[in-house]
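Scroll down for the structure; my scribbles are underneath it.
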Amino acid sequence: MTTMMEHSTSKSGRRPLIERLNVFTAFALGAISAFVVWRLALQFLPADAETAPLFTREDKITLLSMIAWFVGFMTGIGALIGPVRWIMGKDLSHDENMYYAGKDMSIKRYFRYTTDHKVVGIQYLAITMFIFFVGGVLAMLIRTNLGTPEGGWIHPQAYNSIVGTHGIIMIVGTIIMVTGPFGNYIMPIMIGARDMAFPRLNALSFWLIVAAAVPLLWGQFIGGISTGWTAYNPLAGQAPLGMNGYIMFICIFALSTMVAGANITTTVVKMRAQGMTWNRTPIFIYGTVASVALALPAFPVFFLSQVMSGMDRALGTSFYDTARGGSGWLYEHLFWLMGHPEVYVILIPAVAALMEMAPVFTRRPLYSFTVAVMGIAGIAGLSVLVWAHHMYMSGWAPLLNAPFMLTTELISIPTGMLFLVLVGTIWRGRVWMTMPMMSIFALLWNFLIGGVTGIYLSDVPADASLHGSMYVTAHFHYTLMGAGLTGAIASLVYWFPKMTGRMFDKKLSWWGFWLTQIGFNVAFIGMFMVGLAGQPRRVEAYAATFNTGNMVTTAGAYTIMAGMFCFLAGVIYSWRNGQKAPMNPWQAKTLEWTVPNPVPLENFDTLPTVTSDPYGYGKAR
Amino acid sequence: MTNNLQTKWWKKSDVKKLIALTIIFTPVVGYFGSIIHVRSMGDPASKMMQTTENLIAIFTWAAAPVVALVCSVMLIALMGKRHYGDNPPEEADHDISNSPRTNATWLVGSAILCLFAVVSGMIVLQHDNESILDDAAINVNVYGQQWAWNYDYPESNGVRSNVLHLPVNQPVVFHVTSMDVKHSFWIVELGTKVDANPGVVTEVAVTPNKIGTFNIRCAELCGLYHAYMQNKVIVQSKDDYQAWLDSQPRTDNDGTKPYEEAVGKDSTLEKA
Chain H
1 MTTMMEHSTS KSGRRPLIER LNVFTAFALG AISAFVVWRL ALQFLPADAE
51 TAPLFTREDK ITLLSMIAWF VGFMTGIGAL IGPVRWIMGK DLSHDENMYY
101 AGKDMSIKRY FRYTTDHKVV GIQYLAITMF IFFVGGVLAM LIRTNLGTPE
151 GGWIHPQAYN SIVGTHGIIM IVGTIIMVTG PFGNYIMPIM IGARDMAFPR
201 LNALSFWLIV AAAVPLLWGQ FIGGISTGWT AYNPLAGQAP LGMNGYIMFI
251 CIFALSTMVA GANITTTVVK MRAQGMTWNR TPIFIYGTVA SVALALPAFP
301 VFFLSQVMSG MDRALGTSFY DTARGGSGWL YEHLFWLMGH PEVYVILIPA
351 VAALMEMAPV FTRRPLYSFT VAVMGIAGIA GLSVLVWAHH MYMSGWAPLL
401 NAPFMLTTEL ISIPTGMLFL VLVGTIWRGR VWMTMPMMSI FALLWNFLIG
451 GVTGIYLSDV PADASLHGSM YVTAHFHYTL MGAGLTGAIA SLVYWFPKMT
501 GRMFDKKLSW WGFWLTQIGF NVAFIGMFMV GLAGQPRRVE AYAATFNTGN
551 MVTTAGAYTI MAGMFCFLAG VIYSWRNGQK APMNPWQAKT LEWTVPNPVP
601 LENFDTLPTV TSDPYGYGKA R
Chain Y
1001 MTNNLQTKWW KKSDVKKLIA LTIIFTPVVG YFGSIIHVRS MGDPASKMMQ
1051 TTENLIAIFT WAAAPVVALV CSVMLIALMG KRHYGDNPPE EADHDISNSP
1101 RTNATWLVGS AILCLFAVVS GMIVLQHDNE SILDDAAINV NVYGQQWAWN
1151 YDYPESNGVR SNVLHLPVNQ PVVFHVTSMD VKHSFWIVEL GTKVDANPGV
1201 VTEVAVTPNK IGTFNIRCAE LCGLYHAYMQ NKVIVQSKDD YQAWLDSQPR
1251 TDNDGTKPYE EAVGKDSTLE KA
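Going down the list, the protein sequences come from chains H and Y. So that you can map any letter, position 32 of the first sequence is 32 in our numbering, and since no number is skipped, the others follow by simple counting. So the number in our numbering is just where the residue sits in the second sequence, counting from 1, plus 1000.
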């Protein structure tokens, strides 16, 4: 703080701009610019022609205000200072960069455009938990409404909006849940780097997510997102103004993902410690890179699909309007070109994190590192070739169903490799009964069910029965939640000592683990059954015969909620009063456990040199 | 230790246990896995649905050994040398970090299963696709709109109905389209589904082989009352079906135009 004081007083006596910007100025500037643009647009935008589709002028006004919010927010947080200074030829000085990294700053650094990867990691952790909290509350609303066949107490329009919002924010939450907190906090230390390759881009990727959240919230108050998370056109073209919130949310979030992807990939490729050859790079790093590298081609497509959707709404284009030469199938293609790689963006880092933990908790080497890398690479490669299996029943090209069935089922081979690695590592290990270790068993169990049901869905004739039913919903919850979220929560417990300096409370982690896992398996087995019996997805009412299955699912959902509250209580309690953690509580051999608690600003005094892979467990070594 | 390494791998006690457990679990997983699916899907009302249920049962049995193997490994690991406490256990005796033979076996095994799934799927798919070309089939035009289904019988004096009537054991081809947004035409017990896209006609064929009343539901979120966009298909004997057709008003709409245009008035059914 003293250096900063010297620095600031050396100027004109006022604090320089970079020290005055924080999350409050960002929200204020964002809100002001949105309001100003809204007023101006209301005043000066010409009325629509008689023939214009519904809402066109209102769509323009909404989108313009949201863009103004976005620009105002990013300016207010200070994202433009670096680029502007660079353009002016006066790049940030060393002191300024250290200020940006949050040097000697108190808790305030979490509310600023801070570039330190550890601050960004904690910020990501907080926002991920916030997203899961909101998404979870929405899920409970859905399940409560589905407790009776004639849903009833939530209006269908609100219900559809809840379903869509739950879907999209949970997808976003699961995309960032591993690569956000742990990819930012742990990954650079794990590879022996002092920070990310582009620290300012790192801060940018986080604050873009905050900026994105507001249009989504805003959308809830102007009609909601009544289209499901897929926002298929032409339904999205017909949806109320809230749809613009979805469009802006996706566009900004896609930017964030692209920025984070470029940053993490560069960091891993260029900044690994001396001696950390690709053979000695921990498998979690492979998982993180595969995930963000997959997002790199996927999210620009998503971005474009939404730009076109917004243009159809606000500017009268007809990309997706069949009557005027467009095609709804075009939207589906663009969406699933992102949508299928994206499920592996979610899954791979979670599984890789558990692979990282498996040797630590069984005290034996990771089984076949090569197979693990091949599995991850195989999934990443194949996942961009399978998108049209979401469109088997759309009728866009029945002849192409067979080749897409082939590519989809081929993914089971690299997925099987991941199973082999985990199973092979557990085999003859000494099982250290910790919550992360049990999560490996839970992941294997859930992912078996999620994987096998995926085979039925990948088969075109069977999909004719299952597509669009609750069966699909249960299937992807098994993979994204049963496998993905399980891995993410295990990662939290595993890396909590390094991130906070305290151990995660054991009792609460066990309660959380068993409640979520039992509740989860009860909830989604019930959902499989009603799906098979013919209950469509995203319905707010259903035939009375499905009532038992839905009651089971709802009961399971409440159990999951109880478990998630245990985890939340565990995080809060352990962070404040947990037992102080030693430097290496799990006796693991990766680099992040060689730095003290709390981790110093630039992680390492002298950069480490790596001489072996981090899996040297077992007596013979 | 050395002794242990010299023993042939299949003579080791944990390997024997693994094989035994896998053999026990395989039929359990296969039986319960397939029975849960088939029971939940209910009695099939067409050969297509029957095939689907068989296919799912076959896939379950094919996946059962893998599921059983993974579960057995987990069980053996959990039943084995557990360690509790804040400090790590001793290092494991087992230090093999790779086994090319196991990897190869696993790869070949999963490739065979994958190939099996693809080939059996394609055979059934081919059969389903051919049924669209059946000359003996009757044609029904299906119109989805928010939030109702309408059915035209262009070969039978352009009869229009909002309840689908079908003769039993008679192949039928549905020509499905939508008047507004995307819907998905799903006859649950018959196991057919195809999306209704605005401006495009998609086709699906089926032969109902059971008399009865079955469910039609929209399987693609289509707005406010998506949940209520469902009605019934009544599969009847050929005589009953003909009697029903004769009782309907003629419109002489040959199916080349949408019903409203051909009939020349707004006869859209009252919306929900």
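For every residue, glycine included, the Cβ atom is placed at its ideal position computed from N, Cα and C.
Going by DSSP in three states, residue i sits in which element: helix, strand or coil?
{"i": "serine 8 (chain H)", "result": "Residue confidence is low: serine 8 (chain H) scores 44 on pLDDT, short of 50, so the model does not pin down where it sits. Its coordinate-derived value is still stated next. Helix."}
{"i": "glutamine 579 (chain H)", "result": "coil"}
{"i": "tyrosine 1084 (chain Y)", "result": "coil"}
{"i": "histidine 155 (chain H)", "result": "coil"}
{"i": "isoleucine 222 (chain H)", "result": "coil"}
{"i": "glutamate 1270 (chain Y)", "result": "The predicted position of glutamate 1270 (chain Y) is uncertain, since its pLDDT is 39 and thus under 50; a value taken from the coordinates is nonetheless stated next. The answer is coil: DSSP assigns glutamate 1270 (chain Y) none of H, G, I, E or B."}
{"i": "phenylalanine 1214 (chain Y)", "result": "strand"}
{"i": "glutamate 150 (chain H)", "result": "strand"}
{"i": "valine 386 (chain H)", "result": "coil"}
{"i": "glycine 1144 (chain Y)", "result": "strand"}
{"i": "threonine 1002 (chain Y)", "result": "Summary for threonine 1002 (chain Y): the model assigns pLDDT 44, below 50, so the residue's position carries little reliability, and this model does not support an answer."}
{"i": "glycine 454 (chain H)", "result": "helix"}
{"i": "glycine 1264 (chain Y)", "result": "In this predicted model, glycine 1264 (chain Y) has a pLDDT of only 49, less than 50, meaning its place in the structure is not dependable; the value taken from the coordinates is given anyway. Three-state DSSP puts glycine 1264 (chain Y) in coil, outside helix and strand."}
{"i": "serine 1172 (chain Y)", "result": "Before going further, note that residue 1172 (chain Y) is valine rather than serine in the sequence given. In this structure, valine 1172 (chain Y) counts as strand in the three-state DSSP scheme."}
{"i": "tyrosine 184 (chain H)", "result": "A quick correction: the sequence has asparagine, not tyrosine, at residue 184 (chain H). Residue state, collapsed to three classes: helix."}
{"i": "glutamine 306 (chain H)", "result": "helix"}
Could you pull out every residue in the same chain whose Cβ sits closer than 6 Å to the Cβ of residue i, ignoring the five residues on either side in sequence?
{"i": "glycine 378 (chain H)", "result": "Pro414"}
{"i": "aspartate 463 (chain H)", "result": "Tyr392, Leu457"}
{"i": "aspartate 48 (chain H)", "result": "Thr56, Arg57"}
{"i": "glutamine 1145 (chain Y)", "result": "Met1179, Asp1180"}
{"i": "aspartate 116 (chain H)", "result": "Ala101, Gly102"}
{"i": "tryptophan 593 (chain H)", "result": "Asn584"}
{"i": "isoleucine 154 (chain H)", "result": "Asn145"}
{"i": "tryptophan 387 (chain H)", "result": "Trp336, Leu337, His340"}
{"i": "arginine 112 (chain H)", "result": "Asn22"}
{"i": "threonine 554 (chain H)", "result": "Arg143, Gly147"}
Near residue i, what residues of its chain come up, given a Cβ to Cβ distance below 8 Å and the 5 sequence neighbours on each side ignored?
{"i": "glycine 325 (chain H)", "result": "Ser318"}
{"i": "proline 1198 (chain Y)", "result": "Thr1177, Ser1178, Met1179, Asp1180, Val1181, Lys1182"}
{"i": "alanine 557 (chain H)", "result": "Ala139, Met140, Arg143, Gly519, Ala523"}
{"i": "asparagine 279 (chain H)", "result": "Phe369, Asp613"}
According to the neighbour-count rule (16 or more other Cβ atoms, all chains shown, within 10 Å of its Cβ), is residue i buried or exposed?
{"i": "tryptophan 20 (chain H)", "result": "According to the sequence provided, residue 20 (chain H) is arginine. The question's tryptophan does not apply to it. Arginine 20 (chain H) should be labelled exposed."}
{"i": "threonine 611 (chain H)", "result": "exposed"}
{"i": "phenylalanine 130 (chain H)", "result": "exposed"}
{"i": "phenylalanine 496 (chain H)", "result": "buried"}
{"i": "threonine 362 (chain H)", "result": "buried"}
{"i": "leucine 217 (chain H)", "result": "exposed"}
{"i": "serine 986 (chain Y)", "result": "The requested residue 986 (chain Y) does not occur in the structure, where chain Y is confined to residues 1001 to 1272."}
{"i": "proline 46 (chain H)", "result": "exposed"}
{"i": "aspartate 312 (chain H)", "result": "buried"}
{"i": "lysine 118 (chain H)", "result": "buried"}
{"i": "aspartate 1152 (chain Y)", "result": "buried"}
{"i": "isoleucine 171 (chain H)", "result": "buried"}
{"i": "glycine 152 (chain H)", "result": "exposed"}
{"i": "arginine 1160 (chain Y)", "result": "buried"}
{"i": "phenylalanine 1032 (chain Y)", "result": "exposed"}
{"i": "tryptophan 1010 (chain Y)", "result": "exposed"}
Out of the options, point me to the one whose CA is closest to residue i's CA.
{"i": "methionine 583 (chain H)", "options": "H:Pro598, H:Ala569, H:Tyr471, H:Arg15", "result": "H:Pro598"}
{"i": "glycine 310 (chain H)", "options": "H:Pro188, H:Asp91, H:Gln238", "result": "H:Gln238"}
{"i": "histidine 94 (chain H)", "options": "H:Val460, H:Gly82, H:Thr75", "result": "H:Gly82"}
{"i": "proline 1088 (chain Y)", "options": "H:Gln587, H:Val595, H:Pro600", "result": "H:Gln587"}
{"i": "proline 1065 (chain Y)", "options": "H:Met355, H:Leu448, H:Asp321", "result": "H:Leu448"}
{"i": "glycine 1080 (chain Y)", "options": "Y:Val1119, Y:Lys1017, Y:Pro1044", "result": "Y:Lys1017"}
{"i": "alanine 126 (chain H)", "options": "H:Met88, H:Gly173, H:Asp91", "result": "H:Gly173"}
{"i": "proline 365 (chain H)", "options": "Y:Ser1097, Y:Ile1023, Y:Thr1060", "result": "Y:Ser1097"}
Please go through the same chain and pick out, in chain order, the residues whose beta-carbon is closer than 7 Å to the beta-carbon of residue i, but skip the five residues on each side of it.
{"i": "glutamine 123 (chain H)", "result": "Tyr110, Phe206"}
{"i": "glycine 570 (chain H)", "result": "Phe504, Asp505, Leu508, Ser509, Gly512"}
{"i": "lysine 580 (chain H)", "result": "Gly501, Arg502"}
- Within 9 Å of chain Y by C-beta, residues of the segment 514–541 of chain H in sequence order: Ile525, Phe528, Met529, Val530, Gly531, Leu532, Ala533, Gly534, Gln535, Pro536, Arg537, Arg538, Val539, Glu540, Ala541
- Task: Please list the residues of the segment 579–599 of chain H that have a C-beta atom closer than 8 Å to any C-beta atom in chain Y, keeping them in chain order.
- Result: Pro585, Trp586, Gln587
- Task: Quick one: which residues of the segment 450–462 of chain H get their C-beta closer than 7 Å to a C-beta of chain Y? List them in chain order.
- Result: Val452, Ile455, Tyr456, Asp459, Val460, Pro461, Ala462
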